[in-house]
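For reference, the structure discussed in these notes is given below.
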Amino acid sequence: MRAERDAELTDRYDRYLLNVWNEQGTFVNQSLVLSGHAKAVLYPPKDKYWPRISNAQDAAQQARSGLWNACPEQPGTSIAPPNPPDSPAPDTPARPDLPDGPPAGVPDVDCSDLSGPVWVGPDDPHHLDRDGDGIGCDAN
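Structure, rendered in structure tokens:
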């Protein structure tokens, strides 16, 4: 077995975050996400293997593997829970002082493609929000 640290050994909660390979050379972090037994979460600046792990989650979601199959979709229903009556509409930015980030489905966008910070909220299809605060490219 082999363990490798990234840019920092611990996260802001003082938890150890390591990349682990088993005796067969399998990247365990990626394997757990790909099988749907773990969720990909980015803890900047620990992003050395983020593209691999993020792509593994996309594949697991598309294949409805593991936890992504825990609540099968019924006809006429959605996987996402409905908005509570007092919540803003999904397309209403929570930060009206910031423009909305690019939507999913457009070609991949990087912070260098944007003029400044954008509101991405909890969904960040282009992975622009490195610190998880809902604001993408705020270090731009």
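Numbering-wise, the sequence shown is residues 243 to 382 according to our numbering. Every residue, glycine too, gets a C-beta built ideally from N, C-alpha and C.
Check, Outcome
"Cβ-Cβ distance between P344 and H368 below 8 Å", "yes"
"Buried versus exposed call for V244 [16 or more other C-beta atoms within 10 Å across all chains shown]", "It should be pointed out that residue 244 corresponds to Arg in this sequence rather than to Val. When all chains shown are included, R244 counts as exposed."
"G278, buried or exposed, once every other Cβ within 10 Å from all chains shown has been counted against 16", "buried"
"For Y255 and V275, the rounded distance between their alpha carbons", "22 Å"
"Whole-angstrom distance between D339 and P293, CA atom to CA atom", "30 Å"
"Contact under 8 Å by Cβ, Y383 with N261", "Nothing can be reported for residue 383: it is not among the residues displayed for the chain, which extend from 243 to 382."
"Distance between beta carbons of D248 and K281, contact taken as under 8 Å", "Actually they do not touch by this definition, with Cβ atoms about 18 Å apart."
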